[in-house]
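What follows is one structure encoded as structure tokens, with my remarks underneath.
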Amino acid sequence: SQTIHQWPATLVQPVGSPLSLECTVEGTSNPNLYWYRQAAGRGLQLLFYSVGIGQISSEVPQNLSASRPQDRQFILSSKKLLLSDSGFYLCAWRTTGSTEAFFGQGTRLTVV
Amino acid sequence: KQEVTQIPAALSVPEGENLVLNCSFTDSAIYNLQWFRQDPGKGLTSLLLIQSSQREQTSGRLNASLDKSSGRSTLYIAASQPGDSATYLCAAAGGTSYGKLTFGQGTILTVHP
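For the record, the sequence lines run as chains A and B.
Just so we're aligned: the first sequence equals residues 1 to 112 in the working numbering.
Just so we're aligned: the second sequence equals residues 1001 to 1113 in the working numbering.
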């Protein structure tokens, strides 16, 4: 069966520090991968998606970047965090040709 | 640009009640509509997926309907239980969107004993 792993679960980082959140999917190949953010009082917003290794599409301009170095690995990064980067970050995947999306357990990021 | 709205924002009901959560979307050219459950501090659990060609889907005490022409979906929960307490989110996938989802703000459901 397919599973998705996100880590860390919780992170507190100072303003200006770098960020790296990792997401891996098991039990499937060539998935579509997504990063969403859920900010306080706001709905889930799509940040990045990827349909293959090295293929990244950004949905909103921001202080973050994403990379997909391997088929089932999706990384969210920042060189210098801002207070506004605080939020709950969720990784999701979908099998190519399927229509159902599945989500990880999320990372709670607090920038102080 | 797709916009998804969920009503009500919060709902509190006694155990055993049947209830309906509403979701509306502005662009009827959707690929599918998915209902999720989110417990506090947790990720999203997929509850039901309705393809654009379908009218409804059922899973246990849950039934979701889809009316593309009116831009509406409803999630019906029968015989609610305290364990149903969570935030319920609906999300629409666009027709040519690589599976990108547009989410509503969610309905916070509390079922009290």
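The beta carbon of each residue, even a glycine, is placed where N, CA and C say it ideally should be.
Specify the secondary structure class of residue i as computed by DSSP and reduced to three states.
i: Gly1094 (chain B); result: strand
i: Asp122 (chain A); result: Missing from the structure shown is residue 122 (chain A); chain A here goes from 1 to 112 and no further.
i: Gly1083 (chain B); result: helix
i: Gln13 (chain A); result: strand
i: Asp1067 (chain B); result: strand
i: Thr3 (chain A); result: strand
i: Glu26 (chain A); result: strand
i: Gly1043 (chain B); result: coil
i: Pro1014 (chain B); result: strand
i: Arg43 (chain A); result: The amino acid occupying residue 43 (chain A) in the given sequence is Gly; Arg does not appear at that position. Residue state, collapsed to three classes: coil.
i: Thr95 (chain A); result: strand
i: Arg1061 (chain B); result: coil
i: Leu113 (chain A); result: As displayed, chain A neither begins before 1 nor continues past 112, which places residue 113 (chain A) out of reach and without an answer.
i: Arg1072 (chain B); result: strand
i: Gly104 (chain A); result: coil
i: Ile53 (chain A); result: coil
Near residue i, which residues of its chain fall below 6 Å by C-beta distance, leaving aside the five closest residues on each side in sequence?
i: Phe88 (chain A); result: Gln38, Gly106 and Arg108
Can you find a CB in chain A that lies within less than 8 Å of the CB of residue i?
i: Asn976 (chain B); result: As displayed, chain B neither begins before 1001 nor continues past 1113, which places residue 976 (chain B) out of reach and without an answer.
i: Ala1086 (chain B); result: no
i: Leu1101 (chain B); result: yes
Shorter than 8 Å from the beta carbon of residue i to some beta carbon of chain B?
i: Phe74 (chain A); result: no
i: Arg37 (chain A); result: no
i: Val51 (chain A); result: yes
i: Gln2 (chain A); result: no
i: Asn109 (chain A); result: It is worth fixing the name first, because residue 109 (chain A) is Leu in this sequence and not Asn. By this cut-off, Leu109 (chain A) is not an interface position.
i: Leu47 (chain A); result: no
Given residue i, which residues of its chain have a CB within under 7 Å of its CB, disregarding the five upstream and five downstream residues?
i: Asn1032 (chain B); result: Leu1049, Ile1050, Gln1051, Ser1052 and Ala1093
i: Gly54 (chain A); result: Arg68
i: Arg1055 (chain B); result: Ser1065 and Leu1066
i: Ser20 (chain A); result: Ile75 and Ser77
By Cβ distance below 8 Å, which residues in the same chain neighbour residue i in space, the five residues on each side in sequence not counted?
i: Leu82 (chain A); result: Val15, Asn63 and Val111
i: Leu1044 (chain B); result: Phe1036, Arg1037, Gln1038 and Leu1089
So if I threshold CB-CB distances at 8 Å, which residues from the region 60-72 of chain A count as touching chain B? Taking 8 Å as the upper bound on Cβ-Cβ separation, chain B lies near no residue of the region 60-72 of chain A.
For the region 1035-1067 of chain B, enumerate the residues whose C-beta is nearer than 8 Å to any C-beta of chain A, in chain order. Phe1036, Gly1041, Lys1042, Gly1043, Leu1044, Thr1045, Ser1046, Leu1049 and Gln1051
Mind checking the region 1002-1035 of chain B against chain A and listing, in chain order, the residues whose C-beta falls within less than 7 Å of any C-beta there? So the list reads Tyr1031, Asn1032 and Gln1034, given in the order they occur along the chain.
Relative to chain A, which residues along the region 1066-1080 of chain B have a C-beta separation below 7 Å, given in chain order? none
If the cut-off is 8 Å on Cβ atoms, which residues from the region 5-24 of chain A count as contacting chain B, listed in chain order? Gln6
Against chain B: residues of the region 81-105 of chain A by CB proximity under 7 Å: Residues passing the 7 Å Cβ filter: Leu90, Arg94, Thr99, Glu100, Ala101, Phe102, Phe103, Gly104 and Gln105.
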